[in-house]
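End of the sequence shown sits at 230 in the numbering used here; the numbers just go up one at a time, nothing left out.
Glycine is no exception: its CB is placed at the ideal position from the N, C-alpha and C atoms.
The structure displayed is predicted, hence computed values, not measured ones.
Below is one structure, written out as structure tokens; comments come after it.
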Amino acid sequence: MQNELFEHGYVYHIFNRGNNKEDIFKEPQNYIYFLKLMQKYVLPIADVYAYCLLKNHFHILVRVKEQEEIENERWREKPYLGFSHLFNTYTQAINKAYGRRGSLFQEHPKRIKVNDSGYLIQLIAYIHLNPVKHNFSNSVNYPYSSYSAITSQKPTNIKREEVIKYFDDVGNFKYWHNLQQARVRNILNLLDENL
């Protein structure tokens with residue numbers, strides 16, 4: 036990841052999959068470890084709006100902090116280093132734990148700069164509904180996504196209030212997700228009938 040791909044104050048959708056479509060999360064503790072690494076390496080440089088970790092890929096939606104918000108001087112100039120440390124540290128741990136070598140992720144993580152609030156709303160729902168889309172879950176309440184953290188009152192590192200503002204309130208947040216979930220199920224049912 037190169038510095039010019041992360042501008043301070045902007046929102047980015049970051050995603051990637053396993054190399055050769057390999058699973059990047061093999062056991063529940065892998066998901067938990069990845070989230071701990073996000074806390075260690077991403078939170079100092081970015082606010083997390085949404086995430087979803089699936090067996091063979093992930094989605095993270097973040098707002099890169101302004102320079103003055105980042106304490107680490109080196110990361111202030113190069114915020115991509117936080118993401119680089121996350122992916123490299125996770126890869127090394129998985130390689131060691133499972134006796135594998137080489138790259139865990141497919142090339143470099145992809146990132147899309149999000150400039151439109153309408154697109155941002157759709158993207159948050161898309162990220163949370165990814166488990167339904169890929170048949171990992173029948174519900175948006177998937178254990179390795181930020182949906183539950185946003186809809187609950189429990190302490191969280193997710194920027195809950197900022198995310199909810201895009202939907203006006205928690206009720207609309209849930210309504211939007213339920214509406215989109217019904218659309219995803221209808222599409223999947225149509226695909227099943229036509230295969």
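Classification of residue i by the beta-carbon crowding that lies within 10 angstroms, buried from 16 upward
i: ASN229; result: Because ASN229 carries a pLDDT of 46, less than 50, the predicted location of this residue cannot be relied on, and no value is offered for it.
i: GLN215; result: buried
i: ALA160; result: buried
i: GLY117; result: buried
i: PRO166; result: buried
i: TYR182; result: buried
i: TYR47; result: buried
i: TYR177; result: buried
i: ALA81; result: buried
i: LYS189; result: exposed
i: LYS100; result: buried
Beta-carbon gap between residue i and residue j smaller than 8 Å
i: TYR115; j: LEU96; result: no
i: ASN192; j: GLN64; result: no
i: THR186; j: LYS168; result: no
i: LEU121; j: VAL77; result: yes
Cβ distance (whole Å) where residue i is taken to contact residue j below 8 Å
i: ARG52; j: GLN141; result: 5 Å
i: LEU72; j: TYR125; result: 6 Å
i: ILE49; j: PRO79; result: Wrong, their Cβ atoms sit about 16 Å apart, outside the cutoff.
8 Å Cβ shell around residue i - same chain, five flanking residues per side excluded
i: ASN130; result: ARG136, GLY137, LEU139
i: GLU57; result: ASN91, LEU139
Whole-angstrom distance between residue j and residue i, CA atom to CA atom
i: SER180; j: CYS87; result: 4 Å
i: ARG111; j: HIS43; result: 9 Å
i: ASN170; j: LEU164; result: 10 Å
i: ILE162; j: ILE156; result: 10 Å
i: ILE59; j: SER172; result: 18 Å
i: GLU108; j: ASN213; result: 42 Å
i: HIS205; j: SER152; result: Note that residue 205 is Val in the sequence shown here, rather than His. Answer to the nearest angstrom: the Cα atoms are 17 Å apart.
Close Cβ partners of residue i (< 6 Å) along its chain, the five nearest in sequence each way excluded
i: ASN55; result: none
Close beta carbons around residue i, own chain, < 7 Å, minus the five adjacent residues each side
i: PHE41; result: TYR47, VAL99, PRO114, TYR115
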